[in-house]
Amino acid sequence: MPRTDVTAGASSDGGFATDPGIRLLTRIGDFVEPLTRFDRGHLTLESSQYVNVDVIARQVFRVVFETVRSEGNGALPAGAIEVADKDALGRECERQLAASRAAVHGRLGAWAAEHCDAPQMHPSVSDCFTPLARAGHVERCAPCQGAGRIACSLCETAGTLTCEACEGRGSHPCKTCNTTGEITCPTCNGMRTVVTQKERKIYDEETSSHRIEHVQETATCGACNGAGIIKCGKCGGRTTIVCTTCQGQKTIGCPQCRGSGYLRCETCDGEGRRHFVAELSCSIRETFEAAARSADPETAAVLNGLSGISAVLGLAATHRSIVEISGDTLRRDTTAVTPVTTVMVEVNGKRTQVRAFGPQQDIFDYHNIAGMLLSDDLVVLKEALQATRRMPPRVSDALHASLATVLASEVNGSIAEGAAKKDQNGIVAALKGVVTADYVAQAGAAIRKSVGRAYWAMLAKGPAAVLAIPLLHAPIDLIVRRQGQGGWLMALTGMMLVTFFAALAAHYWVVQQLQTRLAPGGAPKIGRIVDKLNLTRAWLAAAGVAALALTLAVASLTGLLFPMTPP
Ligand SMILES: [Zn+2]
Ligand SMILES: [Zn+2]
Ligand SMILES: [Zn+2]
Ligand SMILES: [Zn+2]
Ligand SMILES: [Zn+2]
Numbered sequence: 003m004p005r006t007d008v009t010a011g012a013s014s015d016g017g018f019a020t021d022p023g024i025r026l027l028t029r030i031g032d033f034v035e036p037l038t039r040f041d042r043g044h045l046t047l048e049s050s051q052y053v054n055v056d057v058i059a060r061q062v063f064r065v066v067f068e069t070v071r072s073e074g075n076g077a078l079p080a081g082a083i084e085v086a087d088k089d090a091l092g093r094e095c096e097r098q099l100a101a102s103r104a105a106v107h108g109r110l111g112a113w114a115a116e117h118c119d120a121p122q123m124h125p126s127v128s129d130c131f132t133p134l135a136r137a138g139h140v141e142r143c144a145p146c147q148g149a150g151r152i153a154c155s156l157c158e159t160a161g162t163l164t165c166e167a168c169e170g171r172g173s174h175p176c177k178t179c180n181t182t183g184e185i186t187c188p189t190c191n192g193m194r195t196v197v198t199q200k201e202r203k204i205y206d207e208e209t210s211s212h213r214i215e216h217v218q219e220t221a222t223c224g225a226c227n228g229a230g231i232i233k234c235g236k237c238g239g240r241t242t243i244v245c246t247t248c249q250g251q252k253t254i255g256c257p258q259c260r261g262s263g264y265l266r267c268e269t270c271d272g273e274g275r276r277h278f279v280a281e282l283s284c285s286i287r288e289t290f291e292a293a294a295r296s297a298d299p300e301t302a303a304v305l306n307g308l309s310g311i312s313a314v315l316g317l318a319a320t321h322r323s324i325v326e327i328s329g330d331t332l333r334r335d336t337t338a339v340t341p342v343t344t345v346m347v348e349v350n351g352k353r354t355q356v357r358a359f360g361p362q363q364d365i366f367d368y369h370n371i372a373g374m375l376l377s378d379d380l381v382v383l384k385e386a387l388q389a390t391r392r393m394p395p396r397v398s399d400a401l402h403a404s405l406a407t408v409l410a411s412e413v414n415g416s417i418a419e420g421a422a423k424k425d426q427n428g429i430v431a432a433l434k435g436v437v438t439a440d441y442v443a444q445a446g447a448a449i450r451k452s453v454g455r456a457y458w459a460m461l462a463k464g465p466a467a468v469l470a471i472p473l474l475h476a477p478i479d480l481i482v483r484r485q486g487q488g489g490w491l492m493a494l495t496g497m498m499l500v501t502f503f504a505a506l507a508a509h510y511w512v513v514q515q516l517q518t519r520l521a522p523g524g525a526p527k528i529g530r531i532v533d534k535l536n537l538t539r540a541w542l543a544a545a546g547v548a549a550l551a552l553t554l555a556v557a558s559l560t561g562l563l564f565p566m567t568p569p
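To convert, note that position 464 of the sequence shown is 466 in the numbering used here; the numbers rise steadily by one, no gaps.
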């Protein structure tokens with residue numbers, strides 16, 4: 003059984019010269035300073051602890067074989083070895099599996115000998131298995147008996163069916179002549195002669211005048227030449243009519259087999275043979291688990307939760323691996339010596355513990371350290387908010403001052419931008435460990451309310467007067483009314499547009515004023531926060547509605563006071 007013991011080089015160097023607790027506090031300061039308005043002077047190191055924790059990372063690689071079977075029509079696919087039948091194929095599969103399995107142990111050993119010192123290396127399928135040729139057998143197709151086709155069930159191989167319209171006679175008896183081939187002559191109705199009425203002018207000598215004499219003349223029927231019957235026009239005297247369905251052929255082509263008498267066998271797709279192929283495939287199943295030898299539950303939870311060997315090695319100062327192979331399984335236990343630094347920090351009179359892992363001191367949870375720094379600012383803002391009024395909008399300088407203080411911390415800027423969102427999970431997740439979800443909710447609500455009050459109050463200070471612009475419509479109305487409906491409507495539309503753009507300008511002026519008061523340094527961008535809190539939309543919508551209502555009111559009032567005189 004190959005057994006390898008390796009110790010990787012330690013990465014410890016000059017970095018350990020300083021006290022790990024001091025180094026960690028510096029890291030915390032580097033993190034907190036850009037996020038909050040506070041510098042590292044607000045953090046006091048109460049105590050620190052530095053230990054090495056052994057993390058045992060167990061990787062298990064199991065070589066798994068599987069026989070993949072497939073089947074298809076026709077001959078064996080190219081490259082497949084042909085065996086006699088199903089039983090022979092089963093024996094061939096077992097032979098291949100046994101041979102491949104037998105080789106695994108040795109091949110895993112060879113791989114381990116070469117790569118034992120690199121825990122991040124994984125044995126691949128090609129390290130454990132050489133693919134073998136597929137094997138298969140061919141069978142005659144049972145449903146078609148190897149013919150590839152099946153007798154048509156409709157015509158029973160004849161390819162034709164008896165014509166149903168004429169019942170196989172090819173013609174119908176003529177009904178017009180009752181199969182006699184002759185019909186009564188329609189001209190003489192069978193009388194052989196025709197009688198014609200004629201008028202004759204006769205001179206009567208007794209009366210010495212002309213008179214009209216009516217006479218009947220009987221003549222032989224010209225249509226039948228005096229026979230009384232003529233040839234049947236329908237059948238032409240043949241007594242029968244050719245079947246139009248079969249054109250006199252007595253049979254029609256079989257619609258199911260299209261006249262061929264056979265159908266293609268669906269089982270073999272007309273090939274007459276089917277092949278059955280088996281192929282041995284190999285895969286490697288990997289499992290990973292980390293177990294930290296630490297009595298501290300938080301440390302153990304962080305280290306046991308590491309997702310893979312790279313994560314473990316990323317936090318290790320040194321590591322060594324032991325490889326064991328049994329049967330088709332390679333197990334590698336890597337002992338990673340992981341430095342863990344713990345500091346107790348005092349923030350604004352409160353204490354919190356922060357842990358860092360690995361030589362680079364990775365911190366996964368800042369334990370609300372930013373929230374602790376920022377909570378006092380939030381208290382002041384909430385107090386200032388008490389003294390504001392919603393209607394008419396009014397705020398105090400204290401609100402501007404405390405809001406400016408709060409927004410000076412980057413974390414609060416991010417919270418402000420997301421405060422109008424229904425789903426706060428995204429922002430909470432982004433700030434996880436930095437501040438608590440509770441802080442995000444409280445700060446979000448307070449900042450949203452404060453920015454809203456400040457915005458409306460600044461608008462009320464003057465710019466809201468743009469809503470009075472429609473009053474100008476009165477004189478304009480009087481001027482343009484001569485130009486008819488078109489001019490009047492255009493003036494109305496123009497008035498509303500002017501009001502709308504004036505409202506937009508008022509918004510930019512207010513944002514500019516607030517930027518100067520709340521964040522003179524330029525960050526965060528107040529316009530962006532105002533937009534994200536949907537205030538811009540609310541103001542422009544309100545201004546639009548007010549402009550429309552007022553313009554229409556002024557227009558109708560003007561019309562009432564100065565009725566239009568007919569030109
Ligand atoms: Zn078949
Ligand atoms: Zn047929
Ligand atoms: Zn017919
Ligand atoms: Zn006749
Ligand atoms: Zn006829």
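Cβ atoms here follow ideal geometry from the backbone N, Cα and C, with glycine treated the same way.
Quiz prompt | Reference T344, options I365, I324, D56, closest by Cα | solution = Taking the first residue of the sequence shown as position 1, residue 344 is located at position 342. Closest option to T344, Cα to Cα, is I365.
Practice problem: Please go through the same chain and pick out, in chain order, the residues whose beta-carbon is closer than 8 Å to the beta-carbon of K352, but skip the five residues on each side of it. | Solution: In the sequence shown, the residue the question calls residue 352 occupies position 350. Answer for K352: M374, listed in chain order.
Quiz item: Cβ atoms of P125 and L332: under 8 Å apart, would you say?
Solution: Numbered from 1 along the sequence shown, position 330 holds the residue referred to as residue 332. Numbered from 1 along the sequence shown, position 123 holds the residue referred to as residue 125. For L332 and P125, yes; Cβs fall inside 8 Å.
Practice problem: Helix, strand or coil for T9, going by three-state DSSP, please let me know. | Solution: Taking the sequence shown and counting its residues from 1, one reaches residue 9 at position 7. At T9 the pLDDT is 33, less than 50, meaning the model places this residue with poor confidence; the figure from the coordinates comes in the next sentence. When DSSP states are grouped into helix, strand and coil, T9 belongs to the strand group.
Exercise. With a cut-off of 5 Å, give the chain-ordered residues whose Cβ is closer than this to any heavy atom of ligand 7.
Key: With respect to small molecules bound, the structure shown includes ligand 1, ligand 2, ligand 3, ligand 4 and ligand 5 and not ligand 7.
Quiz item: According to DSSP, what are the bridge partners of T164?
Solution: Mapped onto the sequence shown, residue 164 falls at position 162. For T164, which the question treats as bridged, DSSP gives the partners T253.
Practice problem: Could you please give the first and the last residue of the uninterrupted alpha helix (DSSP H) stretch that includes K384? | Solution: Taking the sequence shown and counting its residues from 1, one reaches residue 384 at position 382. Looking at the DSSP string, the run of the alpha helix (DSSP H) that includes K384 is 371 to 388.
Quiz item: Under three-state DSSP, which class holds I365?
Solution: Numbered from 1 along the sequence shown, position 363 holds the residue referred to as residue 365. DSSP places I365 in coil when its eight states are reduced to three.
Quiz item: Is the beta carbon of I232 sitting closer than 8 Å to the one on G192?
Solution: What you label residue 232 is simply residue 230 of the sequence shown in a count that begins at 1. What you label residue 192 is simply residue 190 of the sequence shown in a count that begins at 1. A distance of 8 Å or more separates the beta carbons of I232 and G192.
Exercise. Take G239 as the anchor and find which of A292, I204, P175 has the nearest alpha-carbon.
Key: Counting from one through the sequence shown, the residue named residue 239 turns up at place 237. Of the listed residues, the one whose Cα sits closest to G239 is P175.
Exercise. State the Cα-Cα distance for the pair T6 and R322, rounded to the nearest angstrom.
Key: Your numbering for residue 6 matches position 4 in the sequence shown. Your numbering for residue 322 matches position 320 in the sequence shown. Note on T6: pLDDT 33, under 50, position unreliable in the model; no value is reported.
Quiz item: Is the Cβ-Cβ distance between H44 and N350 less than 8 Å?
Solution: Position 42 of the sequence shown, counted from the start, is the residue given in the question as residue 44. Position 348 of the sequence shown, counted from the start, is the residue given in the question as residue 350. Cβ atoms of H44 and N350: closer than 8 Å.
Quiz prompt | Through-space distance from L550 to P565, alpha-carbon basis | solution = Position 563 of the sequence shown holds residue 565. Position 548 of the sequence shown holds residue 550. Inter-residue distance for P565 and L550 is about 22 Å (C-alpha atoms, whole angstroms).
Quiz prompt | CB contact below 8 Å: S285 versus chain B | solution = The chain labelled as chain B is not found in the depicted structure, where only one protein chain is given.
Quiz item: When you compare each of S211, G224, G183 to C190 by their alpha carbons, which one comes out closest?
Solution: Counted from its first residue, the sequence shown places residue 190 at position 188. Of S211, G224, G183, the residue nearest in Cα terms is G224.
Quiz item: Quick one: does the C-beta of C270 sit closer than 7 Å to a heavy atom of ligand 1?
Solution: Along the sequence shown, read from residue 1 onward, the residue named residue 270 stands at position 268. Correct: C270 has its Cβ closer than 7 Å to ligand 1.
Quiz item: Could you name the residues, in chain order, whose CB is less than 5 Å away from a heavy atom belonging to ligand 2?
Solution: Cβ-based neighbours of ligand 2 within the cut-off: C154, L156, C157, C256, Q258, C259.
Practice problem: Answer yes or no: the CB of G235 versus the heavy atoms of ligand 4, is any distance below 7 Å? | Solution: Position 233 of the sequence shown, counted from the first residue, corresponds to residue 235. No.
Quiz item: Which partner residues of D32 appear in the DSSP bridge assignment?
Solution: Counting from one through the sequence shown, the residue named residue 32 turns up at place 30. For D32, which the question treats as bridged, DSSP gives no partner whatsoever.
Quiz item: Can you tell me whether DSSP reads V513 as helix, strand or coil?
Solution: For this step, residue 513 is matched to residue 511 along the sequence shown. Helix at V513.
Practice problem: For P472, count neighbouring Cβ atoms within 10 angstroms of its own Cβ and tell me buried if that reaches 16, exposed if not. | Solution: For this step, residue 472 is matched to residue 470 along the sequence shown. P472 comes out buried.
Quiz prompt | Option nearest I58 by Cα separation, candidates I371, A313, L520, A459 | solution = Your numbering for residue 58 matches position 56 in the sequence shown. With distances taken between Cα atoms, I58 lies closest to A313.
Quiz item: Measuring from the CB of C190, is there a heavy atom of ligand 4 at a distance below 7 Å?
Solution: On the sequence shown, position 188 is the one that residue 190 refers to. If you check the C-beta of C190 against ligand 4, you find a heavy atom less than 7 Å away.
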